[in-house]
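S.K.: Structure provided below as structure tokens; questions to follow.
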Amino acid sequence: MERTLVLVKPDGVQRGMVGEIISRLERRGIKLVALKMMLVDQALAHRHYGEHEGKPFFQGLVDFITSSPLVAMIWEADDVVEIVRGTMGQTNPKNAAPGTIRGDLGVNIGRNLVHGSDSPESAQREVALFFKEGEILDYNRNNDPWITEP
Ligand code: GDP
Ligand code: MG
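Take full-length UniProt numbering: the last position of the sequence shown gets the number 150, and nothing is skipped along the way.
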């Protein structure tokens, strides 16, 4: 089963959008298997956003993501990376489709509320950066056959 890392970034927490964002993901039918609130330090921010090191927005991004608590989660489903990216919308909220989290809740690329891993490979890397294996829960949902055809 595929997993993905989702962050409600500090702007989402500050704006009181944690419930709204989790609710949108829950309503999709994907399964929440880990969740915690945390303050990200410089080292974790650099590792998480390592691919963007050297870009003009990098320092601002690190400062922002470490500035205030965020909510980190792992969601699970077949093709969950693609499903979450679709529900989040385009990176720049200005271009994100209405109906998506970024398209409905944001206006600015530097304050786009949410992070979701961009591939199954990034997801594996990011899940391991944010969570210990013991923090990820394995449980059954009785309504799974009503969400996904067995
Ligand atoms: P994502 O995977 O959709 O989050 O987008 P990226 O991996 O390309 O970028 C990571 C994060 O960096 C984005 O979510 C934005 O918060 C930020 N970011 C990306 N591009 C820009 C930019 O051009 N300007 C600013 N200020 N922030 C950016
Ligand atoms: Mg990305």
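We treat Cβ as the ideally placed atom computed from N, Cα and C, and that holds for glycine.
Please confirm if Gly-99 has its CB atom under 8 Å from at least one CB of chain D.
M.R.: Among the chains in the structure shown there is no chain D, since it carries only a single protein chain.
S.K.: Could you compute how far the alpha carbon of Ile-136 sits from the alpha carbon of Met-73?
M.R.: By one-based count along the sequence shown, residue 136 stands at place 136. By one-based count along the sequence shown, residue 73 stands at place 73. Between the C-alpha atoms of Ile-136 and Met-73 there is a straight-line separation of about 9 Å.
S.K.: Compute the Euclidean distance between the alpha carbons of Thr-100 and Lys-31, then round it to the nearest angstrom.
M.R.: Against the sequence shown, residue 100 aligns to sequence position 100. Against the sequence shown, residue 31 aligns to sequence position 31. Distance between the alpha carbons of Thr-100 and Lys-31: 19 Å.
S.K.: Less than 8 Å between the beta carbons of Leu-44 and Leu-113, yes or no?
M.R.: To locate residue 44, count along the sequence shown from 1; it is residue 44. To locate residue 113, count along the sequence shown from 1; it is residue 113. No, the Cβ-Cβ distance between Leu-44 and Leu-113 is not below 8 Å.
S.K.: Can you name the residues that DSSP bridges to Leu-19?
M.R.: Taking the sequence shown and counting its residues from 1, the one referred to as residue 19 is at position 19. Sequence inspection shows Gly at residue 19; the Leu mentioned does not correspond to that position. Paired residues: none, contrary to the question.
S.K.: Flag Gly-110 as yes when its Cβ comes closer than 7 Å to any non-hydrogen atom of the ligand GDP, and as no otherwise.
M.R.: Within the sequence shown, numbered from 1, the residue matching residue 110 stands at position 110. True, at least one ligand heavy atom lies under 7 Å from that Cβ.
S.K.: The ligand MG heavy atoms versus the CB of Asp-41: any closer than 7 Å?
M.R.: To locate residue 41, count along the sequence shown from 1; it is residue 41. It does not: the Cβ of Asp-41 is nowhere closer than 7 Å to a heavy atom of the ligand MG.
S.K.: Within the present structure, is the beta-carbon of Leu-44 separated from the nearest heavy atom of the ligand GDP by less than 7 Å?
M.R.: Numbered from 1 along the sequence shown, position 44 holds the residue referred to as residue 44. Answer for Leu-44: no, Cβ out of range of the ligand GDP.
S.K.: To the nearest angstrom, how far is it from the Cα of Gln-14 to the Cα of Tyr-49?
M.R.: Numbered from its first residue, the sequence shown carries residue 14 at position 14. Numbered from its first residue, the sequence shown carries residue 49 at position 49. Roughly 21 Å separates the two Cα atoms.
S.K.: Would Asp-11 be called buried (16 or more neighbouring beta carbons within 10 Å of its own) or exposed?
M.R.: Counting from one through the sequence shown, the residue named residue 11 turns up at place 11. So Asp-11 counts as buried.
S.K.: Expressed to the nearest angstrom, what Euclidean distance is found between the alpha-carbon atoms of Leu-39 and Ile-21?
M.R.: As a first step, residue 39 is located in the sequence shown; it is residue number 39 there, counting from the start. As a first step, residue 21 is located in the sequence shown; it is residue number 21 there, counting from the start. Distance between the alpha carbons of Leu-39 and Ile-21: 19 Å.
S.K.: For Arg-141, does the three-state DSSP call read helix, strand or coil?
M.R.: Against the sequence shown, residue 141 aligns to sequence position 141. In this structure, Arg-141 counts as coil in the three-state DSSP scheme.
S.K.: Leaving out the 5 sequence neighbours to the left and right, which residues in its chain are closer than 7 Å to Asp-104 when beta-carbon positions are compared?
M.R.: Residue mapping note: residue 104 aligns to position 104 of the sequence shown, counting from 1. Closer than 7 Å at the Cβ level, and outside the excluded window around Asp-104, lie Pro-98.
S.K.: Look at the Cβ atom of Gly-16, then the Cβ atom of Gly-60, and state whether they are nearer than 8 Å.
M.R.: Working through the sequence shown from its first residue, we reach residue 16 at position 16. Working through the sequence shown from its first residue, we reach residue 60 at position 60. Not in contact: Gly-16 and Gly-60 (Cβ atoms no closer than 8 Å).
S.K.: Taking the alpha carbon of Asp-63 as the reference point, which residue from Lys-9, Asn-92, Ala-96, Lys-36 has its own alpha carbon closest?
M.R.: In the sequence shown, residue 63 corresponds to position 63, counting from 1. Looking from the CA of Asp-63, the closest CA among Lys-9, Asn-92, Ala-96, Lys-36 belongs to Lys-9.
S.K.: Classify Gly-89 as buried or exposed, calling it buried when 16 or more other Cβ atoms lie within 10 Å of its own Cβ.
M.R.: Residue 89 sits at position 89 when you count from the first residue of the sequence shown. Note on Gly-89: 16 or more other CB atoms within 10 angstroms of its CB, so buried under the neighbour-count rule.
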